[in-house]
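Contents: one structure, followed by commentary.
Numbering (the working numbering), first residue to last: 85 to 277.
This is the structure we're talking about:
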């Protein structure tokens, strides 16, 4: 069984893995932009990417916090909790976010701003207000999704149990951290995007 202090998501290995992950993801987004047709204006693309970065930082911080809180209360390996969340976030969570954003867009148009549209930041001038509004809606949808994921993990612990069993075969705590904070998210995000 893994020592809870050894699987440190925010330890030196985890921080390096996160920096590598961030660099790879941002580089991938630039490559993706170069291949898109028609290509969005840089300002629109940067606004979209900034919204995604804010959302991913929120999700990552939530995943680490949830894993550490549950691990400290239950003595479950935080690496397995983090990995289980990644698996759910990038599969069921993506589907849930799609429907939550569609619902939020409908509600925003019906009750707040009839012109509300994700990815539109004003014309002819960029509006930080529109960007902030969209980012807030996106974060709210992500928070709702995380609440469902936590409930799902509580109601169906089999996934975390399976991940914990798989990680028990990896003797190095550092290798576990690299696997769950770099390799698994990269592989799952390839399927997600």
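We treat Cβ as the ideally placed atom computed from N, Cα and C, and that holds for glycine.
In the DSSP assignment, residue 218 falls within the alpha helix (DSSP H) that extends over 212 to 239. In this structure, residue 165 lies away from residue 172, with their beta-carbon atoms at least 7 Å apart. For a cut-off of 8 Å, the C-beta gap from residue 202 to residue 189 is around 6 Å, short enough to register as a contact. Between residue 200 and residue 215, the C-beta spacing is not below 7 Å. Look at residue 103 here: in three-state DSSP terms it is helix.
When DSSP states are grouped into helix, strand and coil, residue 129 belongs to the helix group. Scanning its chain for C-beta atoms nearer than 7 Å, with the 5 sequence neighbours on each side dropped, one finds around residue 91 the residues 161, 162, 163, 257, 260 and 261, in chain order.
Here the C-alpha atom of residue 265 lies approximately 21 Å from the C-alpha atom of residue 231. Annotation for residue 195: the continuous alpha helix (DSSP H) segment containing it runs 176 to 195.
Looking at the backbone, the Cα of residue 123 and that of residue 114 are separated by about 11 Å. Burial of residue 174 is indicated by the presence of at least 16 other C-beta atoms within 10 angstroms of its C-beta.
In the three-state scheme derived from DSSP, where H, G and I count as helix and E and B as strand, residue 94 is classed as coil. Contact check for residue 129 and residue 117: beta-carbon distance about 5 Å, within the 8 Å limit, so the pair qualifies. DSSP places residue 166 in the helix class (H, G or I) of the three-state scheme. Across the structure, residue 182 and residue 224 are spaced so that their CA atoms are roughly 13 Å apart. Closest option to residue 210, judged by alpha-carbon separation, among 132, 242 and 186: 132.
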